[in-house]
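So the structure is just underneath, and the comments pick up after that.
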Amino acid sequence: MRLLKAIVRPDKVDAVKDALQAEGIAGMTVTEVRGHGKQKGHTAIYRGREYQVTLLPKMEIEVVVQHPLAESACAAIITAARTGEIGDGRVFVMPVERTYSIRTGGVEE
Numbered sequence: 223m224r225l226l227k228a229i230v231r232p233d234k235v236d237a238v239k240d241a242l243q244a245e246g247i248a249g250m251t252v253t254e255v256r257g258h259g260k261q262k263g264h265t266a267i268y269r270g271r272e273y274q275v276t277l278l279p280k281m282e283i284e285v286v287v288q289h290p291l292a293e294s295a296c297a298a299i300i301t302a303a304r305t306g307e308i309g310d311g312r313v314f315v316m317p318v319e320r321t322y323s324i325r326t327g328g329v330e331e
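In structure tokens, the structure reads:
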């Protein structure tokens, strides 16, 4: 199994969810996160004063998939989240040794 962590723009979450559903992937966890990469933030004005916004709002989508589906799931996420601009995000792929169902206590490997 593989854990896919995708950091995407907030307005791309629904497109990514729909793309993963089209691949037959139903479960996911979505978390509001903040960070920066090459984008490095921007200058904003609040009550007439300028200030630097260095941590930008992003969304983290986590999905666990069987190993053979990992590449097609990554491709679906990238296609759905891409705008071509700096700040589109990144996908991380990590191995998952096993999972446990809390309700049943069962193990999946």
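Note that our numbering numbers the sequence shown so that position 56 is 278, with each residue one more than the last. Each residue gets a CB set at the ideal place from its N, CA and C atoms; glycine is no exception.
* To do: To the nearest angstrom, report how far apart Gly259 and Val329 are at their CA atoms.
  => Approximately 37 Å between the Cα atoms of the pair.
* With 16 as the cutoff for other CB atoms within 10 Å, does Met316 come out buried or exposed? -> Its Cβ having fewer than 16 others within 10 Å, Met316 is exposed.
* To do: Label Val255 either buried or exposed according to how many other C-beta atoms from any shown protein chain fall within 10 Å of its C-beta, with 16 as the threshold for buried.
  => Its Cβ having fewer than 16 others within 10 Å, Val255 is exposed.
* Considering only residues of the same chain and omitting the five flanking positions on each side of Val238, which have a CB-CB separation below 8 Å? -> Counting only residues of its own chain and dropping the five nearest sequence neighbours on each side, Val238 has a CB closer than 8 Å to the CB of Ala228, Val230, Ile283, Ala298, Ile299, Ala302 and Ala303.
* Report yes if the C-beta of Ser294 is less than 8 Å from at least one heavy atom of the ligand NAD; otherwise report no. => The ligand NAD is absent from the structure shown, which contains no ligands of any kind.
* Alpha carbon to alpha carbon, what distance is there between Pro290 and Ile267? -> The straight-line gap from Cα to Cα measures roughly 48 Å.
* To do: Have a look at Arg320 and Glu331 and give me their C-alpha separation to the nearest angstrom.
  => Spanning the two alpha carbons is a distance of roughly 4 Å.
* To do: Give every residue of the same chain whose Cβ lies closer than 8 Å to the Cβ of Ala292, excluding the five residues on either side of it in the sequence, and list them in chain order.
  => So the qualifying residues of the chain are Arg224, Leu226 and Val315.
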